[in-house]
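Peer 1: Residues 1 to 1035 in the numbering used here are what the sequence shown spells out, letter by letter. Sharing a structure with you now.
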Amino acid sequence: MRWTSKFLRASPLYRFDIRNKGFFSGTINNPVFPFTIHPTRKPQHKLMLSWCEFFKLRAKDVTLPEFILHDGPPYANGCLHVGHALNKFLKDIIVRYKLLSGYCVNFIPGWDCHGLPIELKAVENQPDCSPRETRQKASAVARRFVDLQKSSFIDWGVIADWSEYYTTMDRVFEQTELEVFSTLHAKGLIYRDRLPVHWSYAARTALAESELEYNSEHVSPSVYIRIRMHDLGTRLAHKLPASAAVYGVVWTTTPWTVPSNEAVAYDPNASYILLKASPSNDFYIVSNRFVEQLNSMFCGLHLSKVDEILGADLAQCSYVHPIRCRWKNGFLTRPFLPSTHVIDSKGTGLVHCAPCHGKEDFIVGQQFSLPMRQIVDETGHFTSDAGTDLSGLPITQTGTNKVLELLQSAILHLETVKHSYPYDWRTKTPVIIRLSDQWFLDTAIISNATLEAYQSVVVIPPNQKPSMFPFISSRPRWCLSRQRAWGVPIPVLLRKQNNQPIVDHEFIHHISQRMGQTGSDFWFNESVEELVPQCFWKKVGYTFLCDACMTLGSILLNSPWKSSLQSTRAFCLIMVSPSIRGYQRYGRIRRLVRQWRVVVECSGRSVVVHGLTADSDGRKMSKSVGNVISPKDLLERHDGCVDILRHWAACSALDSVTTVGHKEVDQHAARYKALRNSLRFMLGNLSDFQPLNQLYTLTGCATSGLSNMNDLVLQLIKATCPSSLASSTSLGVLDRAVLCWLGRLVQGAVHIYYPNCRFSTLLSEVDQLVSRLSSIYVTAMKDSLYCDPIANPSRRVAQTVFWLTTECLKAVLAPILPYLMEEVDEASRKIASMDHAMAPLTFGRSLLERYAGHTLSDSDTLPPKSVKSDWLVCLTAMQNWSHYTEYADAVELVYALYLAILNEANTQSVISSSSVNPLSKFHVEIYVNPSNLDSKLIRSLRLLQPGTSEVNSHSDLCKLLRAASVYWLTGQLRRSDSPAIVQLQFQDTVVLVSLRATTADCQCPRCLRFTRIPQLHLCSRCVDALAVRTECTSV
């Protein structure tokens, strides 16, 4: 008597005509899920410790090729923001990728601990601190935030040797900066000069262009001023009456600079118009293009053209100063001067020149020896030289209003204008141009060498590279010095008699040696007599010391990379996109690029440029706007899952602006959970899978020679490769399609996505693979996985596909989502521990350590001279499947046909759209009438179900359509008695589909599949499955 019949007779409560859902539930191969769909909050310190320990051990392996990743340091002046997260996660992805690729990675994290951001925070409540107090407070602030930020980086899983990091206030670092200064000065690249520079009156210091940001919402007064001409010159005098009142018109948005005016510039080649105002009979000179606008400014006056003159006719003309004439006996006159910077397309064609407050103005002043009167001090207040009316007033609103009051009789028109204006990006306040004694790096001298070096630099993404060329070639100098206490001093002495610098390289060396031993505080704490050794007094005479600071531009030449940069090892620098913060970002990259001149012979150098972070609306994050979101807030929202934030960072695609907010991170969390759920499902269906036994089943060879898990992975990949016997006899088309998708993903990851930092594309490909697995393969194979006998070959092959998929996804995604992949690997280890045959195999302390090893040797998969890490060996072997696209193409095409059939059948109300598997109770007959019998559709159907004259309920085609049975044929429909016939046009082919519904009594009560005949008991497959379970239970 059959076991099934006995079982059924013993169960009188079971009825065949209804679905008794729980009756056979204990006999189904239910998955055993190893973890939850939601990420769990649990301590990760042990895992992070193992990663960092491996990183340190790998760094000592001199036999491996070295990869250097330069860590452009963050400021140690506050808690980490999302910009830090983006930058550090991208760096960590690259570090992990290079470790897995078999490199020894030289990545030393660091912090910028000098400069205004830290000094301003240190003295924000005590602005009048002495230099010594300022440095003490700033040092404490820097150290506190270094510790705080380091702790956050560790919590984020950023791999490094966190016991070895650098700060710019390290004694050795400061010593090296002075050595670099001395070297560059000896080569004539550094000089001191009195030049107009960007000046932050809020911070009381000069700024480089790289420290500016441009505020497009800045509002300035726009004032048009008439200036009374005094001498008309020989060319102009004969065209006007002797007693005529003649005015030139100038325009400015910085009226506070008018007291510093020393000339009016004109274009000698431009055309100017001489106008007469009626009834005042005054005359005005403006450019031809400004006539109409000037006419609109006069109320009750009419302007008529008198003559047209050339700019050259203004030579030898002069005018009465609009303000300073009030303070002199008689008239103070200033000249009209020619200049090439004047353009008639903007303004009035006549330009007010203040040599102390404009770069072009300064050039004109030098050319014509104009006075350089500095009447604005370092705090942005007028000095006593500005006159009693202005002395002590700030140049901002109060001082500007006073200047406008003094100019009242000369103002033709006054309004406000919104325009882009440079701001100090640290203090968020406007800057001015101010004449000042500063130290400069002559970048013009090295521009050609810099451009040549930059040609060999690989910039990722490539579209960022061309935009750098004009900025490298057109910038003449870089301001090095800062007027602050917190920084590295420029060790230069100034003569008291004339304030001239004395640059003595022996003295600099002496100071740098002291700095290497004790740090730089002594420079600010000691007197001149204590600071300068006796042997130098006779050489330089009595002097006092300069308080300027230099902290920028020497990171690449400093320890720990100084020796590394002379080699030919691979080198990478990750920077923020220059297209966002304008000159600031360009400046930072330029500073570093210029240092490559020293190591121009080195190869393998690249710069990865990513964008800034903005809120969901694309607005820059600002505390005043209230749109700042911290990484801590984002992590708390998702139970501390760092991988979700890493997913967001990887998907930034190196865009110029990366938006981040709860909406964006929630979207990445959804993608993360979809991936997590797919991995969870595949692992859940591997609870009874024994990879060693499967390897023996596929190859027939003993497995005792395997030493570690990576070897098992490689051998199973080889056993299922397209050229193997097992692949041709055991793997179905659906199995091969998945392996082809996997092979293409692996190929792209190894050769394209990781080398070019296209992490976003990689994750999109993973999403597509997960979607295909879920919608096509898992749905098609779920019946076999759940209901086939446990050891059924088809089920074991599906499990093999799942096992290889999880292993490949673990390897591919380990750099991006390390915590999830380690969790998956831990689940794999627990499953493997159930198989005693797996006990001799070693796993390694972590997934990273396991795949970064060099235990495998496979000359068939890698070029002879390549870096042969286990990660590369296994993934390269998997790439063989990428060439067998006919299987993937066939499955994708027939699945598209399946969707088209469902759509048309649903339109005709033949099937229920709410059903999970709409065709499960139908016997499907497909008739294809192609114009070409060798069409792609015919070939695809033939691959999935070779026999065209048989009804098949177990073929890959039947599994893909999820039907009771499938029959397909080329030609016309032979019978017309089918109750439901669906006709559709699919890729230029007419397809007729006959759907014959089954009855409820044809459904197996265990697997719920429909057959062609009524089921008086279980289907034959379920009978075998229960028999196997009974045997296993008896044993």
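Where is the CB? At the ideal position from N, CA and C, for every residue including glycine. If you're wondering where the values come from, they're calculated on a predicted model, not measured in any experiment.
1) If you count every other CB in all the chains shown that lies within 10 Å of the CB of residue 1000, and 16 or more means buried, which is it?
2) Assign residue 565 to one of three DSSP states: helix, strand, or coil.
3) Given residue 547, which residues of its chain have a CB within under 6 angstroms of its CB, disregarding the five upstream and five downstream residues?
4) With a Cβ-Cβ cutoff of 7 angstroms, do residue 202 and residue 479 count as a contact?
5) Unbroken beta strand (DSSP E) runs of length 3 or more, entirely within the stretch 715-769: which are they?
6) Report yes if the C-beta distance between residue 784 and residue 775 is below 7 angstroms; otherwise report no.
7) Roughly how many angstroms lie between the CA atoms of residue 522 and residue 513, to the nearest whole one?
8) According to DSSP, residue 651 sits in a beta bridge with which residue or residues?
9) Got a sec? Which residues, its chain only, sit under 6 angstroms from residue 507 by beta carbon, not counting five neighbours each side?
10) What does the Cβ neighbour count give for residue 1019, buried or exposed, with the cut at 16 atoms within 10 Å?
11) By how many angstroms is the C-alpha of residue 466 removed from the C-alpha of residue 562?
12) With 16 other CB atoms within 10 Å as the buried threshold, where does residue 651 fall?
13) Of the residues 1002, 837, 810 and 1024, which one's Cα is nearest the Cα of residue 1014?
14) Look up residue 1023 in the DSSP assignment and say whether it is helix, strand or coil.
15) For my contact list, residue 881 and residue 684 are in at a C-beta cut-off of 8 angstroms; report their separation, rounded to the angstrom.
16) Which class does residue 83 belong to by DSSP, given the choice of helix, strand or coil?
17) Let me check understanding here. Comparing Cα to Cα, which of 270, 83 and 79 lies closest to residue 289?
18) On the three-state DSSP scale, how would you describe residue 111?
19) For residue 653, I'd like the list of residues in its chain whose CB is within less than 7 angstroms of its CB, leaving aside the five on either flank, ordered along the chain.
20) Which residues mark the beginning and the end of the beta strand (DSSP E) in which residue 685 is found?
21) Please classify residue 261: is it buried, with 16 or more other beta-carbons within 10 angstroms of its beta-carbon, or exposed?
22) Cα separation between residue 667 and residue 145?
23) How long is the line joining the alpha carbons of residue 965 and residue 740, rounded to whole angstroms?
24) Can residue 104 and residue 66 be called in contact, C-beta distance under 7 angstroms?
25) Roughly how many angstroms lie between the CA atoms of residue 635 and residue 40, to the nearest whole one?
26) What are the residues that DSSP puts in a beta bridge with residue 620?
27) Looking only at its chain, what residues have a beta carbon closer than 6 angstroms to the beta carbon of residue 196, apart from the 5 residues adjacent to it on each side?
28) Would you kindly check if the distance between the Cβ of residue 922 and the Cβ of residue 896 is under 7 angstroms?
29) When we look at the beta-carbon of residue 84 and count the other beta-carbons within 10 Å, is it buried (16 or more) or exposed?
30) Could you check what DSSP says for residue 445 in three-state terms: helix, strand or coil?
31) Give a yes or no on whether the C-beta atoms belonging to residue 655 and residue 611 are separated by under 7 angstroms.
32) Can you give me the Cβ contacts of residue 956 inside the same chain, cut-off strictly under 6 angstroms, excluding the 5 residues immediately before and after it?
33) With which residues is residue 266 paired in a DSSP beta bridge?
34) Tell me whether residue 496 sits in a helix, a strand or coil according to DSSP, three-state version.
35) With distances taken between CB atoms, is the gap from residue 1029 to residue 24 smaller than 7 angstroms?
36) Should residue 163 be flagged as near chain B, meaning a C-beta pair shorter than 7 angstroms?
Peer 2: This is what the structure gives:
1) exposed
2) Because the pLDDT of residue 565 is 41, which lies under 50, any placement of that residue in the model is unreliable, and the number read from its coordinates should be weighed accordingly. Residue state, collapsed to three classes: helix.
3) Note that residue 547 scores 37 on pLDDT, short of 50, meaning its location in the model is unreliable; the coordinates nonetheless yield the value given after this. If we look at residue 547 and ignore the five residues flanking it on each side, it has no Cβ neighbours.
4) At the C-beta level, residue 202 and residue 479 stay beyond 7 angstroms of one another.
5) none
6) no
7) 12 angstroms
8) Answer is none; residue 651 lacks a bridge partner.
9) 536
10) So residue 1019 counts as buried.
11) The predicted position of residue 562 is uncertain, since its pLDDT is 46 and thus under 50; a value taken from the coordinates is nonetheless stated next. Rounded to whole angstroms, residue 562 to residue 466 spans 28 angstroms at the Cα level.
12) buried
13) The candidate whose alpha carbon is nearest that of residue 1014 is 1002.
14) helix
15) The pair is not a contact, with the Cβ atoms about 24 angstroms apart (cut-off 8 angstroms).
16) helix
17) 270
18) In this structure, residue 111 counts as strand in the three-state DSSP scheme.
19) 760
20) Per DSSP, residue 685 lies in no beta strand (DSSP E) segment and is marked neither H nor E.
21) buried
22) 32 angstroms
23) Straight-line Cα distance between these residues: approximately 27 angstroms.
24) yes
25) 12 angstroms
26) Beta-bridge analysis with DSSP links residue 620 to 614.
27) 359, 362, 433 and 435
28) With respect to the 7 angstroms criterion, residue 896 and residue 922 are not classified as neighbours on the basis of their beta carbons.
29) buried
30) coil
31) If you check the CB distance, residue 655 and residue 611 come in under 7 angstroms.
32) 732, 733, 734 and 944
33) Answer is 338 and 350.
34) coil
35) no
36) Included in the structure is just one protein chain, with no chain B present.
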